[in-house]
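Remarks on the structure that follows.
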Amino acid sequence: MREKRTETILRMIVEAYLREGNPVSSQFIARELGYTLSPATIRNIMAKLEKEEYLFQPHVSSGRIPTDKGLKFYASSILEEIQQTHEIGEMLIEKTPSEINNLVEKTSKFLSDNSDCMSFIVVPPIEFITFSYINFEKISNEAILLTLLSSSNLIITKVFKNTENFTQDELTRLSSYLQEKFSGQNLNYVKTTLINEIILEKKNFARLLEKFLNFFHKIEEERKEKIDVHIEGHENLLGKPEFPDLEALKNLLKSLEEKSNLLKLLQQVSSSGTRVIFGSEIDSLPLPSCSFVVSGIKVGDTISGSVGILGSRRMLYKVTIPLVDSTAKFLSQVLF
58 MREKRTETIL RMIVEAYLRE GNPVSSQFIA RELGYTLSPA TIRNIMAKLE
108 KEEYLFQPHV SSGRIPTDKG LKFYASSILE EIQQTHEIGE MLIEKTPSEI
158 NNLVEKTSKF LSDNSDCMSF IVVPPIEFIT FSYINFEKIS NEAILLTLLS
208 SSNLIITKVF KNTENFTQDE LTRLSSYLQE KFSGQNLNYV KTTLINEIIL
258 EKKNFARLLE KFLNFFHKIE EERKEKIDVH IEGHENLLGK PEFPDLEALK
308 NLLKSLEEKS NLLKLLQQVS SSGTRVIFGS EIDSLPLPSC SFVVSGIKVG
358 DTISGSVGIL GSRRMLYKVT IPLVDSTAKF LSQVLF
């Protein structure tokens with residue numbers, strides 16, 4: 058589809074459908090254009106768009122509604138037009154708490170409140186967060202508290218099993234070593250570097266570093282079994298035609314929380330930035346009439362988490378696409 062006139066008419070049809078939810082007639086488009094094109098001409102263009110599978114005519118005597126392909130074309134055109142501003146980032150920065158869990162909760166609520174949809178954030182693994190301060194503390198024989206201060210002054214705390222039976226003295230020495238040698242890096246970099254440098258350390262300290270690497274390996278294995286996802290605003294979906302009852306919504310939430318489905322979403326944004334994905338593209342989701350706007354949280358060139366909005370196919374993409382795109386960039390900056 059290369060004609061500017063055809064693209065304009067498709068956009069008008071999509072926007073009218075998103076507002077009203079009804080098939081759009083050629084008479085309506087002609088009126089919106091001030092009758093610069095006749096209804097007959099517009100019908101011919103609509104027929105062409107239907108043949109190319111951008112539009113669908115639900116009844117012989119009705120107007121057209123956009124297909125998934127038509128909605129994707131519309132969403133792509135919005136992505137091309139996004140003027141990156143700092144307004145959303147500034148609004149979030151004003152509310153930015155000093156603790157990561159509060160940040161994720163407030164950001165997710167910000168998304169759901171401003172989109173009238175359900176939002177979700179797949180939280181990046183702790184090992185990707187650049188730290189300016191690191192400390193390990195033994196809080197019981199079985200548990201260790203890790204405290205990080207990110208380069209953006211965000212506090213991250215996480216409790217891990219003391220799988221290597223560290224003493225507090227060992228943890229204190231380890232904290233001092235990592236702080237002095239690796240401040241300004243992340244734990245993933247620490248792991249890779251230590252593997253190469255451990256042979257240069259004195260025997261007793263090398264043994265301690267080996268314990269740390271074993272501990273870190275078990276953290277990574279545990280993370281592979283569980284994805285940290287925060288969901289907010291599911292009540293926004295209740296009562297909408299695509300989500301007819303509470304049971305349908307529960308089934309969707311359960312499906313979304315499954316690791317395999319989240320990984321599919323992550324894979325789809327791994328190299329393409331912000332995207333619109335329809336439920337019909339993910340076979341395991343129970344509601345094909347829903348759509349996602351998803352963007353990756355990046356560490357350098359690596360996607361380590363994601364931000365998304367889930368709602369009706371008729372969501373206001375002009376609002377949701379810039380909202381998700383800006384929020385993902387904000388989190389990439391604040392977390393790393």
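Using the numbering used here, the letters of the sequence shown map in sequence onto residues 58 to 393.
In this text, a Cβ means the ideal position worked out from N, Cα and C, and glycines have one as well.
Q. Excluding sequence positions up to five away, which residues of its chain have a Cβ less than 6 Å from the Cβ of N158?
A. The same chain holds no residue with a CB closer than 6 Å to that of N158 once the five nearest residues on each side in sequence are set aside.
Q: Output the residue ranges of the alpha helix (DSSP H) runs that lie fully inside the segment 129-214 and measure 4 residues or longer, sorted by chain position.
A: List check, alpha helix (DSSP H) in window: 144-151 and 157-172.
(Q) Would the segment 200-217 count as touching the segment 379-386 if we require 3 or more Cβ pairs under 8 Å? (A) No: fewer than three Cβ pairs fall under 8 Å.
Q | Top-ranked residue by Cα proximity to I409, from E227, V381, L392 and Q390 | A | Because the chain spans 58 through 393 in this model, residue 409 falls outside it and cannot be assessed.
Q. Comparing alpha-carbon positions, which option in G365, I99, V391 and V180 lies nearest N171?
A. Minimum Cα distance to N171 is reached at G365.
**Q.** Per DSSP, cross-strand counterpart(s) of V81
**A.** Bridge partners of V81: R121.
Q) Assuming E184 and N253 make a contact with CB atoms under 8 Å, what is their CB distance in whole Å? A) Going by Cβ atoms, the distance from E184 to N253 rounds to 17 Å, so no, they are not a contact pair.
Q: Excluding the 5 residues preceding and the 5 following A200 in the sequence, name in chain order all residues of the same chain whose CB lies nearer than 8 Å to its CB.
A: The answer, listed in chain order, is V216, F217, K218 and N219.
Q) Rounded to a whole number of angstroms, what is the C-alpha to C-alpha distance between T249 and L266? A) Whole-angstrom Cα-Cα distance: 12 Å.
Q | Beta-carbon proximity of L367 to F239, cut-off 8 Å | A | Not closer than 8 Å, so no.
Q) Can you list, in chain order, the residues of its chain whose CB lies under 7 Å from that of E278, leaving out five sequence neighbours each side? A) Result list for E278: empty, nothing under 7 Å.
**Q.** Where V71 falls: helix, strand or coil (DSSP)
**A.** Helix at V71.
Q: Work out the CA separation of I191 and A132 for me, nearest whole Å.
A: Here the alpha carbons of I191 and A132 stand approximately 42 Å from one another.
Q: From the DSSP output, in three-state form, read off T93 for me.
A: It is coil, neither helix nor strand.
**Q.** Whole-angstrom C-beta distance between S346 and D125, which should lie under 8 Å
**A.** Their Cβ separation, rounded to whole angstroms, is 10 Å, which puts D125 and S346 out of contact at 8 Å.
Q.
Am I right that F18 and E221 are in contact with their C-beta atoms under 8 Å? What's the rounded C-beta distance?
A. The chain is shown only over 58 to 393; residue 18 falls outside these bounds and no answer can be derived.
Q. Under the three-state reduction of DSSP, which class applies to R100: helix, strand or coil?
A. Helix, per DSSP.
Q.
Quick check on DSSP: helix, strand or coil for I354?
A. In this structure, I354 counts as strand in the three-state DSSP scheme.
Q: Provide the residue(s) that pair with I366 in DSSP beta bridges, ordered along the chain.
A: Residue pairing for I366: DSSP places it in a beta bridge opposite S176 and V350.
Q. What residue range is occupied by the uninterrupted alpha helix (DSSP H) comprising E237?
A. Unbroken alpha helix (DSSP H) run through E237: Q225 to F239.
Q: Identify whether F300 lies in helix, strand or coil by the three-state DSSP scheme.
A: Assignment of F300 by DSSP, reduced to helix, strand and coil, places it in the coil class.
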